[in-house]
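In full-length UniProt numbering, the protein residues as written are 1 to 210.
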């Protein structure tokens, strides 16, 4: 986004209220010469804020305003909207994991190791698959059925909500663990939170209402 000068902002407001309007008419309203305005009008036109037509004049580009609002909308960061992760130890029994899943009303559990590092992801499908024909759910640990590193899709806290949404859609998943990489240890992460499709939808609604 180009930062406007005070004069460029005034030009935008004049064109928005009076367009289409000629460069000479804008100059008169600002008590300036047409030549003095030429660089400002060139910048505003090249940046897409204004459009110009021969023998018609300048007019405000409504698409630019939509784009400007969209950029604010799309550049919100994951760190500002992440939720608390629902965590189980990787040795937790599948039965207990199922109970926690329903008590917390979530679709995904995150398994951690003894150091608190992300060890795996357990989805509803994983738990459902484990229950089919299995009578030992109290003895079967989630570490047997979970998706392990490095096959887990993660997201950084400084990533945008758009990046998170795209990663979930592209990989057909409902949530992402928000992580910070442990220094000098490949595919080892601290679990900071979670971001879900529902979280993103709620965030976008909140932004639009504001």
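Virtual Cβ for every residue (Gly too), placed ideally from N, Cα, C.
Predicted model, so just to flag it, every value in this text is computed and none were measured.
In the displayed model, residue 34 falls within a helix according to three-state DSSP. 8 angstroms or more divides the Cβ of residue 4 from the Cβ of residue 23. The beta carbon of residue 104 is closer than 6 angstroms to those of 86 in its chain, skipping five residues each way along the sequence. When beta bridges are read from the DSSP output, residue 118 appears opposite 112. By the beta-carbon neighbour count (other beta carbons within 10 angstroms, threshold 16), residue 175 is buried. Shortest Cα-Cα distance from residue 79 to any of 50, 206, 89 and 157 involves 157. Residue 194 is classed as buried because its beta carbon has at least 16 other beta carbons within 10 Å across all chains shown. DSSP lists no bridge partner for residue 162. A Cβ-Cβ distance of about 6 angstroms is found for the pair residue 81 and residue 199, placing them in contact under the 8 angstroms criterion. For residue 96, the enclosing alpha helix (DSSP H) covers residues 94-104.
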